[in-house]
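Asks:
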Amino acid sequence: MTVTRELVYGRRPVREVVRAGKRQILELLATERALAAEAWLRDVKGVRLQVVRDGRLNEVARTRDHQGVVAFCEPYRYADAYELVAGGRPLVACLDQVTDPHNLGAVCRSAEGAGADGVVVLEHSSARVTAAVCRASAGAVEHVPVAVVVNLARYLGEVKRDDLWVWAAAGEAEKPVWSADFTGGTVLVFGAEGQGLRPGVRRACDDAFVIPLAGQIESLNVSVAAGIALFEAARQRRS
466 MTVTRELVYG RRPVREVVRA GKRQILELLA TERALAAEAW LRDVKGVRLQ VVRDGRLNEV
526 ARTRDHQGVV AFCEPYRYAD AYELVAGGRP LVACLDQVTD PHNLGAVCRS AEGAGADGVV
586 VLEHSSARVT AAVCRASAGA VEHVPVAVVV NLARYLGEVK RDDLWVWAAA GEAEKPVWSA
646 DFTGGTVLVF GAEGQGLRPG VRRACDDAFV IPLAGQIESL NVSVAAGIAL FEAARQRRS
């Protein structure tokens, strides 16, 4: 029987797979240089460590951005999008057609750092969890749940309730992010850079906020905007 496996590369991403313990490492490769800096590589249970040269890892990972560590793991396990908002006072980030894996990885890293309950992405026209996303998130995808929905507007309409407010990040909004109330159940919705939120998704939101800009640029990278809003929510919840 063929075992499906997925690539993870980079010292921190592979380390977080080990720490999280949610999916098994099936194959582990590292260079002598990485072993000298990352002693934990010799202690990964259930898999034989293969010591190889950089050139071999370049071929396996199809990138030079592996930092001397490559692993093949069980497939990433996506969360249930409805379970993410089922608890009391959830905090969830939703991404509307964000296709850049580096942006998805950065959003996941911010979501994990802010203590969010998860990230929701689209099944189509959207980045999914890949080796590049794992690397960009510094392994945060192993700790913060990522869920997939077919129709984001429908999902938002189904989950919002009196104690769960859906907020759109929108450049035309009048309410600055620090004036939005994120203390209750909160879903933050971000659109793709340049395109923004699609009209149907925007209409499914209860309210909107803007991150005021003092410079000449018209917008922020979606991962930066998400980081600002997520940590503003975390700040409000600690107050």
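The sequence shown stops at residue 704 when you use this note's numbering, and every number in between is there. By construction, the Cβ of each residue, glycine as well, lies at the ideal position given by its N, Cα and C atoms. Computed from a prediction, not measured in an experiment: that's the story for all the values here.
#1: As an exercise, report each continuous alpha helix (DSSP H) stretch of at least 4 residues that is fully enclosed by the region 502-579, in chain order.
#2: Going straight from the alpha carbon of Met466 to that of Tyr541, what length do you get?
#3: Could you say which of Arg702, Thr595, Val479, Ala597 lies nearest to Asp646 if we only look at CA atoms?
#4: Please go through the same chain and pick out, in chain order, the residues whose beta-carbon is closer than 6 Å to the beta-carbon of Pro555, but skip the five residues on each side of it.
#5: For Val482, report the span of its alpha helix (DSSP H) as first-last.
#6: According to DSSP, what are the bridge partners of Val586?
#7: Distance check for Gly570 and Val535, CA to CA, integer angstroms please.
#8: Excluding the 5 residues preceding and the 5 following Leu514 in the sequence, name in chain order all residues of the same chain whose CB lies nearer than 7 Å to its CB.
#9: Among Ala699, Ser688, Phe537, Gly692, whose alpha-carbon lies nearest the alpha-carbon of Tyr474?
#10: Which first and last residues belong to the alpha helix (DSSP H) in which Val675 is found?
#11: Under a three-way DSSP split, which group does Arg668 fall into?
Replies: In short, the structure shows the following:
#1: 519-526, 546-549, 566-578
#2: Position 1 of the sequence shown, counting from 1, holds the residue named residue 466. Position 76 of the sequence shown, counting from 1, holds the residue named residue 541. Low confidence applies here, because Met466 scores a pLDDT of 44, under 50, leaving its location unreliable; read the following figure in that light. Spanning the two alpha carbons is a distance of roughly 19 Å.
#3: The residue given as residue 646 occupies position 181 in the sequence shown. Taking only the C-alpha atoms, the option nearest Asp646 is Arg702.
#4: As a first step, residue 555 is located in the sequence shown; it is residue number 90 there, counting from the start. So the qualifying residues of the chain are Asp582, Gly650.
#5: Here residue 482 corresponds to residue number 17 of the sequence shown, with the count starting at 1. Here the alpha helix (DSSP H) through Val482 covers 476-485.
#6: Here residue 586 refers to the residue found at position 121 of the sequence shown. Note: Val586 sits in a beta bridge opposite Val613.
#7: As a position in the sequence shown, residue 535 is number 70, starting the count at 1. As a position in the sequence shown, residue 570 is number 105, starting the count at 1. Near 18 Å, if we compare the C-alpha coordinates of Gly570 and Val535.
#8: Translated into positions along the sequence shown, residue 514 becomes position 49. Leu493, Ala495, Leu506, Arg507, listed in sequence order.
#9: Sequence index remark: in the sequence shown, residue 474 carries index 9 (1-based). Nearest option by C-alpha distance: Phe537.
#10: In the sequence shown, counting from the first residue as 1, residue 675 sits at position 210. No alpha helix (DSSP H) holds Val675; DSSP gives it neither H nor E.
#11: Looking up residue 668 in the sequence shown gives position 203. It is helical.
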